[in-house]
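Below is one structure; the comments refer to it alone.
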Amino acid sequence: MTSEKSSIIIAIDGPAASGKGTLAKRLANFYGFAHLDTGILYRGVGYLVLAKGKEPRDEAAAAEVARNFSLEQFHEADIRTAEVARAASLVAAMPEVRAALLDFQRHFAHNPPAGFTGAVLDGRDIGTIVCPEALIKFYITASPEVRAERRWLELRLSSPGISVEQVLDDLKRRDARDSGRDAAPLRPAPEAELIDTSHLTADEVFARAQRLVDNRLKAA
Ligand code: CDP
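Count along the sequence shown from 1, add 13, and you get the number used in the working numbering.
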């Protein structure tokens with residue numbers, strides 16, 4: 014387990030394609046903090062289960078992959094498909110999988126790689142479970158239609174022929190699974206700063222978040 018508590022932690026949660034990853038990267042760059050997109054961990058487990066020829070609903074297979082997990086086992090391009098996103102949200106509902114990935118995330122938050130004085134983590138349960146002690150927590154959201162449009166723009170290159178309606182359908186199903194599961198469901202921490210990005214540019218979201226972080230840093 015982690016014992017050092019000196020790192021400054023920014024926790025960002027929200028549903029798929031809400032803009033949380035974009036905000037996390039920009040805040041990390043601005044403050045010189047390390048960034049961990051925790052979705053990569055669940056996508057990685059989902060991908061590796063599929064690569065073994067197993068079903069993502071196979072709890073024993075998913076738990077074994079999660080226990081032996083490392084980021085070196087796959088490439089970024091492997092995990093950015095709609096099929097892997099679906100597998101990720103299935104394995105992410107399994108308590109054993111979540112438990113196996115928890116230490117990695119906490120260790121990263123409290124011991125960011127050399128040269129970084131803090132860490133930005135984005136996911137579904139960072140403010141609620143992984144880092145409840147974070148300096149500041151954001152909950153980033155947007156309407157399902159806006160999110161589907163954004164995700165479609167990303168996916169249409171790797172999945173030609175995919176329609177916005179299909180993407181919307183997929184997102185809604187995944188939102189329902191992520192919010193409805195017993196293990197670490199997607200929901201804002203009570204003290205989280207809520208930002209709805211439906212009608213905001215990435216610059217506007219960043220400016221708003223930066224002001225809030227600066228205030229919190231001054232008060233700390
Ligand atoms: O990029 P997108 O928002 O579509 O998804 P992601 O952040 O890459 O996460 C993929 C899936 O992993 C989500 O649908 C969640 O089920 C799961 N996840 C989670 O349960 N907890 C996290 N901290 C991060 C992701």
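By construction, the Cβ of each residue, glycine as well, lies at the ideal position given by its N, Cα and C atoms.
How long is the line joining the alpha carbons of residue i and residue j, rounded to whole angstroms?
i	j	result
A95	S172	8 Å
T15	E178	For T15, the predicted model reports a pLDDT of 43, less than 50, meaning its position is unreliable and no value from the coordinates is stated.
S176	A30	16 Å
A202	T141	5 Å
L168	P157	16 Å
G57	F87	7 Å
R190	D138	14 Å
A222	E89	27 Å
E85	I92	13 Å
A232	L213	27 Å
A122	W165	31 Å
V133	I23	5 Å
I25	G174	32 Å
A37	D135	7 Å
G131	F117	16 Å
A215	T35	7 Å
Could you give the DSSP three-state label for residue i: helix, strand or coil?
i	result
A24	strand
K65	coil
L213	coil
E204	coil
T130	coil
T154	strand
L49	strand
D188	helix
G136	strand
I175	coil
Could you check whether the Cβ of residue i sits closer than 7 Å to any heavy atom belonging to the ligand CDP?
i	result
G52	yes
I153	no
G193	no
G136	yes
A76	no
R169	no
A202	no
V20	Looking at the sequence provided, one finds Ser at residue 20 rather than Val. Not so, every heavy atom of the ligand CDP lies at least 7 Å from the Cβ.
A101	yes
A98	yes
I23	no
A29	yes
A37	no
I139	yes
R186	no
A105	yes
Y60	no
R56	yes
G34	yes
Taking 8 Å as the CB-CB cut-off, is residue i touching chain B?
i	result
D50	Annotation note: the requested chain B is absent from the structure, which comprises a single protein chain.
**Message:** Could you check whether the stretch 87-105 touches the stretch 49-67, counting it as contact only if at least three pairs of C-beta atoms, one from each stretch, sit closer than 8 Å?
**Reply:** yes
**Request:** Please determine if the stretch 125-142 and the stretch 35-47 are in contact, where contact requires at least 3 C-beta pairs separated by less than 8 Å.
**Result:** yes
**Request:** Kindly confirm or deny that the stretch 148-167 and the stretch 193-212 touch, where touching means at least three C-beta pairs closer than 8 Å.
**Result:** yes
**Request:** Answer yes if the stretch 61-75 comes into contact with the stretch 179-197, meaning at least three C-beta pairs across the two stretches below 8 Å, and no otherwise.
**Result:** no
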